[in-house]
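Peer 1: This is the structure, below, for whatever I ask next.
Residue numbers (the numbering used here), protein chains in the order written: chain A, 6 to 180; chain B, 6 to 180; chain C, 171 to 671; chain D, 171 to 671.
Here is the structure:
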């Protein structure tokens, strides 16, 4: 099975090719051509213990992030990346959906209540400009424009409760 | 919904009639004619918090016991009982299966390995007589005959691994 | 059941903490809950629980009548307010007493005497407690400022009498600088506030927040139980506390304790309380305020002094003398990390939701006080503190090393927490050298620990194996619904909060 | 990664405990595992892990070659044996040293010197350590027994020289009883063992098992860290331990510590070790044996003395002096409850299986050291200890009350545990009065706490509601498969192990 991962880091590390030659328990995975092998076991759904050939052990927890990416936790670090099997990835790329485009939507990073709206459709916003205030856990959080542009629509109303990932505002597409 | 519970205690408390007039969250249950009401919520599957009308709160965990009964844990105490809806209970009773009969089988109380068999088919055993030795967690556990009777069959062999609830020996039915 | 009942007018971690103290004393704990807390841990641990309304605190945990009615309904005769909510509300304390119930805390009089910042300063000054020296009337001329500096030392802060918001303030570091600075300050004050009046106050640079725990009982005895170092604050919220403070010598401790007891005595203090000081680099200290309740950071004092402050509060409310008979000496060092449901990688944005997995750290030196367990939902409506990791070591170094171990052992899934923030902070050289002040975190930027090449490979391999097993249909997938959702499509637009790593 | 690596030749709780000490010291922990332990907590907490064979210990954890090969493979330079398995195996310690690795423990010479019960007694007697007085040759006549009693006191035990199994033993309480008892004992010895030879030994009635923790380093320094009370034993297995012992005065402690250090010095002891004594009601104490390893009950000493014994062992193995500089004083009181996967209602039958739910207790005074978390499987193949609840209080009473609270807060589902046993024992009046001896549990029958009428009703109501919701198909059912299995049919025959309540 061939997969593609897209890591948040920019540079050559951004896209990684993976190929699972052999799954658990005795795994063999090619990572950008390098072979990693060892023994893998599932402790609980989504929680893996990997023991590499040199004895190195790592407990890795996988869970879907609220934005659909994979959130991987191991010890002190958390890594979030997209993962897709190669055929799907290629199909998405060829249809234009695979490119990292500039954000056209502003989504709620957490559940909350919209306290205040600071823009209206047609407004020109600068990158980083506060566009609304979201109240969550007794704190007011300013949500800022991810890029400069023009507000296409305001999807929510003041006072409305929103869940994580819910779209708040749309910007006019720049391409 | 009408249910019957069979508690381990003997006496009039042994069999209890239950009727759920209203389920969670605002429950109303008749227990041998007495009405108990309050508010019930599920924390995790099988874990309930009940708040009775007088404010009394109790966290109750339900899980199936290895022998098919319901094991209920609350604070320091554990109660195990059979629970069946009334129609099924009546059907079982009328077919003779509902009576508490004397045990015809000896089952493994825990997973383990059969170390030694001390009886053979046809042997007459006294109640409490050791009939086999089960090794579990580095300890040897003598399994005893639950009643006097005649060994009908020995289901397991020495050295065999058995799981909890697995039948080890059958006694000839006494009725 | 004839055990006395105590109602906890609070939720979450402190409610669970008070429930444990109740059990230790043979008192039956009663919880209250809003709709958001029906199955929260503090409810499930209690002997009785009463619903008090919808999620917003102003309609539930902040409604005195509902709390008192809940106590009446369940036969509770004591009310413990915890911290936050109505804990420092003198009117509520009075209502509790008027309802014939016992208030587990200081008297309403003590609460209100310490409730006003200015009135409380006047009160403790009269008892000989030092406050930050400042002129009480505007300076007539530069000479008056020089005289003040002569008496109180430098640096000074010149402030516009009509001012605010930092405008028109000037720092003066010596008598020679006064004349020019005074003239400039007056002119700025005039242009900003149309009033040239300026006064001087001591400027305490790189000061620490150090507080003294006090405990008084109804026999009139008041003792102090050492200090807590609480300089690490973010947005005026304490983040990590220590006991003892590495900046406090035994001699200074004795002086601060004496002053704290005097402050408490000035308001006839009963129960647990905290006197907060600003500690200057030169060892001078000044009264800030007194908190008339149990504090979030009380456990660091408990593990270093071997006491149970919440149990003492209940004993004292029952009219018993405190059970601490002899003077206690501190042993070792303790840290408390407040674990919040906040994402440090997104500017500490709240991260409410369901805790899908929780591995609490354990082992030597680790005490965890938390209000949640696996399966609990962290609601949106309240303070986002999940747990306190209270770490003890024989010295500060051992406590820090154990804290790193505990934070690294912990796992929380389903929500983000401040654990990675603490792991980063516990590597900071200035923190390790104890070179901190209340400004420390203002100038500190969280930088997530970067995974090693090996960790990154392991994460990718695990993701690939999980996807492979799911494609084979033979293994459980990542928890929380990925099993049904399948692999994620490439996201067409990253959300505004960007990349996390 | 240039941190030194330490391989733990063990599993479960003690492996997790040693991993934590490694992390606190910046040492990288390496685990080993049999097939039964592939996903056990100690493996998942380690930086490296090596498979060493099938579940039976004699094919995995007891095979020296596999353990040494695992260390070599992962670059570990230290081996810590934990307790049990090969911890007191001098030959293994020697193999480790011969392989060029560092053994975290006493020298093979110290281990074997203390390994033989008779040889070790001779060795420590020479160092002035008291052992139970007894005649070393058979008594010629009653007068010789009377003379022995004159010297050593009463009661005495007359024993058949050729005997065993308690047969032919007689207790003599005064000189007047000797002649008749001696004659009877001789005749019984003759009839049982065809040999009338009888000897006398002091009979220590209602004795306690009290042990002294010692610690020696490579500079030759040996210290004692107070005692542990371990009289509560079942089948010669310790069940609950305390520190300090309520039967030991400071004066007696000082004497026992002195003797324990002398015993350790007699074998040039290095690392952590324990000298076990039998303590008579009159305050006399006698050497039983020395355990040349870390003990299961070491945490009660740690929390009362504020030390980390496992970290000290590693420091000492590195050649450093112990980090304990001054004489430490005990503070408060600690209890340890060993939580086993055993069913007290079925005669403590093992109860292996998957832990479907685990709520570990937390809060003030509670330290949990465990080798499992929710989702772990307790294998059939090893000691069934799941966790140690180590409870500290400012005195024995507070520690007991907190222990009850912690045991009551804990939840374990999927397997049975000894938690209900401890809850019952902590209510026993003799235990509470500290009126215990090593025979205490022999005459003690576990009686499950009976649920109240109200609890029983609640259990039935919850069962009915769960069934009702399942019938409606609207709610999750009891965990663990009941959801698919539906309600249980009446069982036609109760299994042989009968009723639990």
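Here a beta-carbon is modelled for each residue, glycine too, at the ideal position from N, C-alpha and C. Bear in mind the structure is a predicted one, so any value in this text is a computation, not a measurement.
If I measure Cβ to Cβ from residue 598 of chain C and keep anything under 8 Å in the same chain, skipping five residues before and after, which residues do I get?
Peer 2: Within the same chain, residue 598 of chain C has close Cβ partners 614.
Peer 1: Look at residue 527 of chain D and residue 574 of chain D and say whether their C-beta atoms are less than 9 Å apart.
Peer 2: Cβ atoms of residue 527 of chain D and residue 574 of chain D: not closer than 9 Å.
Peer 1: Smallest Cα separation from residue 299 of chain D: which of D:604, D:401, D:332, D:460?
Peer 2: Closest option to residue 299 of chain D, Cα to Cα, is D:460.
Peer 1: Hey, could you find the ends of the alpha helix (DSSP H) residue 591 of chain D is sitting in?
Peer 2: Here the alpha helix (DSSP H) through residue 591 of chain D covers 589 to 595.
Peer 1: Tell whether a beta-carbon distance below 9 Å holds between residue 200 of chain C and residue 60 of chain B.
Peer 2: Yes; because the gap between Cβ atoms is below 9 Å, this pair is in contact.
Peer 1: Give, in chain order, every residue of the stretch 110 to 127 of chain A whose Cβ lies closer than 7 Å to some Cβ of chain C.
Peer 2: Here the close residues are 110, 111, 112, 114, 115, 116, 117.
Peer 1: DSSP state of residue 554 of chain C, grouped into three classes?
Peer 2: Three-state result, residue 554 of chain C: coil.
Peer 1: Does the beta-carbon of residue 54 of chain A have 16 or more other beta-carbons within 10 angstroms, so that it is buried, or is it exposed?
Peer 2: By the 10 Å Cβ count, residue 54 of chain A comes out buried.
Peer 1: So with CB distances below 9 Å, who are the chain C contacts of residue 61 of chain A?
Peer 2: Near residue 61 of chain A (Cβ distances below 9 Å), the residues of chain C are 624, 628.
Peer 1: Name, please, each residue of chain B whose Cβ falls closer than 7 Å to the Cβ of residue 521 of chain D.
Peer 2: In chain order: 115.
Peer 1: If you measure beta-carbon to beta-carbon, which residues of the stretch 199 to 229 of chain C are closer than 8 Å to chain D?
Peer 2: Against chain D - using a Cβ distance shorter than 8 Å - the residues of the stretch 199 to 229 of chain C are 215.
Peer 1: For the stretch 285 to 307 of chain D, enumerate the residues whose C-beta is nearer than 7 Å to any C-beta of chain A, in chain order.
Peer 2: Going along the stretch 285 to 307 of chain D in chain order, one finds no residue with a Cβ nearer than 7 Å to chain A.
Peer 1: Taking all protein chains shown into account, do 16 or more other C-beta atoms lie within 10 angstroms of the C-beta of residue 603 of chain D, making it buried, or fewer, making it exposed?
Peer 2: That one is exposed.
Peer 1: Using a cut-off of 8 Å between C-beta atoms, extract the partners of residue 540 of chain C located in chain D.
Peer 2: Per Cβ cutoff of 8 Å: 532.
Peer 1: Kindly list the residues whose CB is nearer than 8 Å to the CB of residue 75 of chain B, restricted to its own chain and excluding five residues on each side of it in sequence; keep chain order.
Peer 2: For residue 75 of chain B, where only same-chain residues beyond five positions count, the Cβ hits under 8 Å are 67, 68, 69, 85, 86, 87, 88.
Peer 1: With 16 as the cutoff for other CB atoms within 10 Å, does residue 329 of chain D come out buried or exposed?
Peer 2: It is buried - the Cβ of residue 329 of chain D has at least 16 other Cβ atoms within 10 Å.
Peer 1: For the candidate residues D:383, D:213, D:549, whose alpha-carbon lies nearest to that of residue 470 of chain D?
Peer 2: Closest by alpha carbon: D:383.
Peer 1: On the three-state DSSP scale, how would you describe residue 585 of chain C?
Peer 2: Coil at residue 585 of chain C, not helix or strand.
Peer 1: Tell me, please, whether the CB atom of residue 46 of chain B is closer than 9 Å to any CB atom in chain C?
Peer 2: Chain C contact via Cβ: present.
Peer 1: Closest by CA to residue 428 of chain C, which one among C:396, C:411, C:450, C:443?
Peer 2: Checked all of C:396, C:411, C:450, C:443; the closest Cα to residue 428 of chain C is C:396.
Peer 1: Determine the extent of the alpha helix (DSSP H) in which residue 290 of chain D is found, giving its start and end residues.
Peer 2: Unbroken alpha helix (DSSP H) run through residue 290 of chain D: 287 to 296.
Peer 1: Helix, strand or coil, according to DSSP, for residue 282 of chain D in the structure here?
Peer 2: In this structure, residue 282 of chain D counts as helix in the three-state DSSP scheme.
Peer 1: Quick one: does residue 458 of chain D have its CB under 9 Å from some CB of chain B?
Peer 2: Taking Cβ atoms only, chain B never reaches closer than 9 Å to residue 458 of chain D, which makes this a no.
Peer 1: Under 8 Å: do the stretch 492 to 501 of chain C and the stretch 405 to 412 of chain C share three or more Cβ pairs, one atom per stretch?
Peer 2: No, they do not touch.
Peer 1: Would you please verify whether the beta carbon of residue 432 of chain D is less than 9 Å from any beta carbon of chain A?
Peer 2: Judged by the 9 Å Cβ criterion, residue 432 of chain D is not in contact with chain A.
Peer 1: Tell me the residue span of the beta strand (DSSP E) that contains residue 439 of chain C.
Peer 2: Run containing residue 439 of chain C: none; DSSP gives neither H nor E here.
Peer 1: Which residues, in order along the stretch 551 to 564 of chain D, keep a beta-carbon less than 7 Å from a beta-carbon of chain C?
Peer 2: Those would be 564, in chain order.
Peer 1: Using a Cβ-Cβ cut-off of 6 Å (strictly less than) and excluding sequence neighbours within five positions of residue 205 of chain C, which residues of its own chain qualify?
Peer 2: Closer than 6 Å at Cβ, skipping near neighbours: 224, 225.
Peer 1: Which residues in chain D have a C-beta closer than 8 Å to the C-beta of residue 536 of chain C? List them in chain order.
Peer 2: Those within 8 Å of residue 536 of chain C in chain D are 537.
Peer 1: Looking only at its own chain, which residues have a Cβ that is under 6 Å from the Cβ of residue 565 of chain D, when we skip the five neighbours before and after it?
Peer 2: 503, listed in sequence order.
Peer 1: List the residues that DSSP assigns as beta-bridge partners of residue 242 of chain D.
Peer 2: According to DSSP, residue 242 of chain D bridges with nothing at all.
Peer 1: Where in the stretch 444 to 475 of chain C do unbroken runs of the alpha helix (DSSP H), each at least 4 residues long, occur, reported from the N-terminal end onward?
Peer 2: Taking only runs of at least 4 residues, the alpha helix (DSSP H) segments lying wholly in the stretch 444 to 475 of chain C are 468 to 475.
Peer 1: Can you say whether residue 475 of chain C is buried or exposed, counting buried as having 16 or more other CB atoms within 10 angstroms of its CB?
Peer 2: By the 10 Å Cβ count, residue 475 of chain C comes out buried.
Peer 1: Output, in chain order, the set of chain B residues within a Cβ distance shorter than 7 Å of residue 243 of chain C.
Peer 2: Those within 7 Å of residue 243 of chain C in chain B are 60.
Peer 1: Can you list, in chain order, the residues of its chain with a C-beta nearer than 7 Å to that of residue 263 of chain D? Leave out the 5 residues immediately preceding and following it.
Peer 2: 273, 275, 278, 281.
Peer 1: List the residues of chain A that residue 545 of chain D touches, going by C-beta distances under 7 Å, in chain order.
Peer 2: Simply 48, 49.
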